[in-house]
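Engineer: This structure is in structure tokens; I'll ask about it shortly.
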DNA sequence: CGCCAGGCCTGCACGC
DNA sequence: TGCGTGCAGGCCTGGC
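Numbering (this note's numbering), first residue to last: 11 to 325.
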């Protein structure tokens, strides 16, 4: 699900609730995501103050000073802020309680009197796919839901950008790096030279540019008037410029609309995005092109569906 | 039942 | 032999 606009929408919704708060506990209901959630996360995170929530590509980076919590939403993940039903007891006033550290098997059902769960951990009952909670001292919690479990929750100490998952990523499409490797026409032109791969696959390659998934690859190629089948090496500098602009404007417009919700994406407040109403081609197979009226075509490229208008997009 | 779905890492085969 | 490259597979669940 989440491509860059959905992840950025999530980040913006979460940041104010997380930054400045202190982690009081962690609940792991199912550690089996794409990689296992580290078992010792409760010990690592409890008592840590959240400094910032940033984004790199489709990863959310929760800087806790001592280390960084790396979050990825995979295909079906979403993160929400929820209130704890009962405000947490202020630190130090609770004598015997051990810092709200919760074992993975613990849950926070409101009903049912689940044994071993202290009152301050009660909240909305988690659903079947709510795998992970971060409990905060401001009376809120951040909850990860991920039915398909392609997402990730990882911990990294030291420079997070040196993490193996981040170290080799290409430039951010919406940022400029003065002097080097900004995602501009010249960069894309260089990156496409000698490449036989279809342009659609190339712009979805994280080593070239990050954040462009299947939806926005299709939409940006339509916007630039470029066929998804065109071999990357054939792109002229002028068309690279068009494509860079199309990627930037498409992603920016999607962020403004709160992302695309096809089935289950919700932002930090639990609300859907609306950019799918502005899709020109994605998931519109057989429907008339909003530009020329020709039917939108759907083809397969490397196991993924591509949607495009044969008339408006040239090879 | 089979097929499809927003991501992305890994491993393989291939050609220079 | 050693690469860069381009595929295919795999991880999962839910919905049509």
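Glycine included, each C-beta is placed from N, C-alpha and C at the ideal position.
1) Give me, in chain order, the residues of the same chain whose beta-carbon lies closer than 6 Å to that of residue 242; leave out the 5 immediate sequence neighbours on both sides.
2) So the candidates are 165, 44, 181 and 233; which of them puts its Cα closest to the Cα of residue 9?
3) Pop quiz: residue 285 and residue 264 are said to be a contact at Cβ under 8 Å. What is the actual Cβ separation, rounded to whole angstroms?
4) Out of curiosity, what's the CA-to-CA distance linking residue 192 and residue 136?
5) Among 217, 75 and 321, whose alpha-carbon lies nearest the alpha-carbon of residue 169?
6) How about residue 153 and residue 239: are their beta carbons less than 7 Å apart?
7) Count the other C-beta atoms from every protein chain shown that fall within 10 angstroms of the C-beta of residue 50, then say buried if there are 16 or more, exposed otherwise.
8) Nearest CA to the CA of residue 63: which residue from 174, 27, 87 and 220?
9) Would you mind giving the Cβ-Cβ distance between residue 57 and residue 33, rounded to the nearest angstrom? I have them listed as a contact below 8 Å.
10) Shortest alpha-carbon distance to residue 165 belongs to which of 69, 197, 237 and 151?
11) Could you tell me the distance, in whole angstroms, from the CA atom of residue 86 to the CA atom of residue 186?
12) Residue range of the beta strand (DSSP E) that residue 314 falls in?
13) Based on the DSSP secondary-structure assignment, which residues constitute the bridge partners of residue 68?
14) Check each candidate in 318, 279 and 310 and name the one with the smallest Cα separation from residue 298.
15) DSSP three-state label for residue 160, please.
16) What's the C-alpha gap between residue 144 and residue 314?
17) Alpha helix (DSSP H) containing residue 251: first to last residue?
18) Could you tell me the distance, in whole angstroms, from the CA atom of residue 323 to the CA atom of residue 151?
19) With distance defined between alpha-carbon atoms, name the residue in 81, 13 and 140 nearest to residue 39.
20) For the stretch 20-99, which segments carrying the alpha helix (DSSP H) assignment without a break, of at least 4 residues, lie completely within its bounds, in sequence order?
21) With a CB to CB cut of under 6 Å and the five nearest residues on each side skipped, what residues in its chain are close to residue 16?
22) Identify whether residue 275 lies in helix, strand or coil by the three-state DSSP scheme.
23) Given that a residue counts as buried once 16 or more other Cβ atoms are within 10 Å of its Cβ, and exposed if not, what is residue 250?
24) Using CA atoms only, rank isn't needed, just tell me which of 88, 248, 195 and 281 is closest to residue 162.
25) Considering only the alpha carbon of each residue, which of 296, 295 and 79 lies closest to residue 52?
26) Applying the 10 Å Cβ sphere with the 16-neighbour rule, what's the burial state of residue 167?
27) Less than 6 Å between C-beta atoms, sequence neighbours within five positions excluded: which residues of the same chain meet that for residue 123?
28) Straight-line CA distance for residue 235 to residue 245?
29) In or out: residue 302 buried (at least 16 other Cβ within 10 Å) or exposed?
30) Can you give the beta carbon distance from residue 65 to residue 18, rounded, assuming they're within the 8 Å contact cut?
Structural biologist: Well, looking at it:
1) 202, 205, 207, 209 and 212
2) One cannot answer for residue 9 here, as it falls past the ends of the chain, which runs 11 to 325.
3) 4 Å
4) 42 Å
5) 75
6) no
7) exposed
8) 27
9) 7 Å
10) 69
11) 30 Å
12) 314-318
13) Answer is none; residue 68 lacks a bridge partner.
14) 318
15) coil
16) 34 Å
17) 247-266
18) 46 Å
19) 140
20) 51-55
21) 269 and 275
22) coil
23) buried
24) 88
25) 79
26) exposed
27) Note that residue 123 scores a pLDDT of 32, beneath 50, so its modelled location is shaky; the value from the coordinates is reported in the next line. Same-chain partners within the cutoff: there are none.
28) 12 Å
29) exposed
30) 6 Å
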